[in-house]
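Before any comments, here is the structure.
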Amino acid sequence: MTPFNVPPGRPSDMPEACLHQAICAFAEDLGLEPDERYGKVVHRGVFCFELDELMKDGRPFMLSVRFNVSRHEKSTLAKLLKSWRGKPFIQSEWETLDLASLIGRMATVNVVHESREADGSLFAKVYPEGILPPAKGA
Numbered sequence: 507m508t509p510f511n512v513p514p515g516r517p518s519d520m521p522e523a524c525l526h527q528a529i530c531a532f533a534e535d536l537g538l539e540p541d542e543r544y545g546k547v548v549h550r551g552v553f554c555f556e557l558d559e560l561m562k563d564g565r566p567f568m569l570s571v572r573f574n575v576s577r578h579e580k581s582t583l584a585k586l587l588k589s590w591r592g593k594p595f596i597q598s599e600w601e602t603l604d605l606a607s608l609i610g611r612m613a614t615v616n617v618v619h620e621s622r623e624a625d626g627s628l629f630a631k632v633y634p635e636g637i638l639p640p641a642k643g644a
């Protein structure tokens with residue numbers, strides 16, 4: 507009988523699955539990338555958040571969220587920004603929004619652990635709706 511593979515517990519190089527105070531460390535325009543799922547080219551970007559939890563070597567954990575650069579209300583970017591601000595953007599705000607202006611802004615980040623289908627190993631992830639306004643006083 508072959509033993510089944512049980513994934514190990516939380517690796518020591520992974521942030522805890524909980525709410526973290528974080529700062530947006532960078533916002534990067536990734537340019538145009540092929541989207542194999544839909545067979546087209548899309549404009550992508552990424553936010554990277556520095557968490558309040560430190561790795562063993564003393565550096566802060568960092569997690570990123572990728573998104574299509576789109577103003578559509580159902581887009582990942584619109585959902586992320588609405589969740590982060592606590593309210594949706596109106597058209598005039600979209601027209602003046604510079605994503606780089608979000609660098610240095612605080613957020614509360616909901617870190618979750620998921621397992622990879624291929625090997626069952628755990629990894630830390632942040633969903634766009636898991637980027638929340640900073641806690642009061644943060």
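Mapped onto this note's numbering, the consecutive letters of the sequence shown carry residue numbers 507 to 644.
Beta carbons: idealized from backbone N, C-alpha and C, even for Gly.
From the DSSP output, read off the bridge partner residues of residue 535.
551
On the DSSP bridge list, what partners appear for residue 566?
560
Under the assumption that residue 528 contacts residue 618 (Cβ atoms under 8 Å), give the Cβ distance between them as a whole number of angstroms.
Not quite, the Cβ-Cβ distance comes to about 14 Å (not below 8 Å), so this is no contact.
Going by DSSP, name the residue or residues bridged to residue 530.
555
Which word fits residue 632, buried or exposed, when buried means at least 16 other C-beta atoms lie within 10 angstroms of its C-beta?
Sixteen is the threshold: when 16 or more other Cβ atoms of the shown chains lie within 10 Å of the Cβ of residue 632, as they do, the residue is buried.
Got a sec, what are the start and stop residues for the alpha helix (DSSP H) residue 583 sits in?
First-last of the alpha helix (DSSP H) with residue 583: 582-591.
Please go through the same chain and pick out, in chain order, the residues whose beta-carbon is closer than 8 Å to the beta-carbon of residue 639, but skip the five residues on each side of it.
590, 591, 592, 613 and 614
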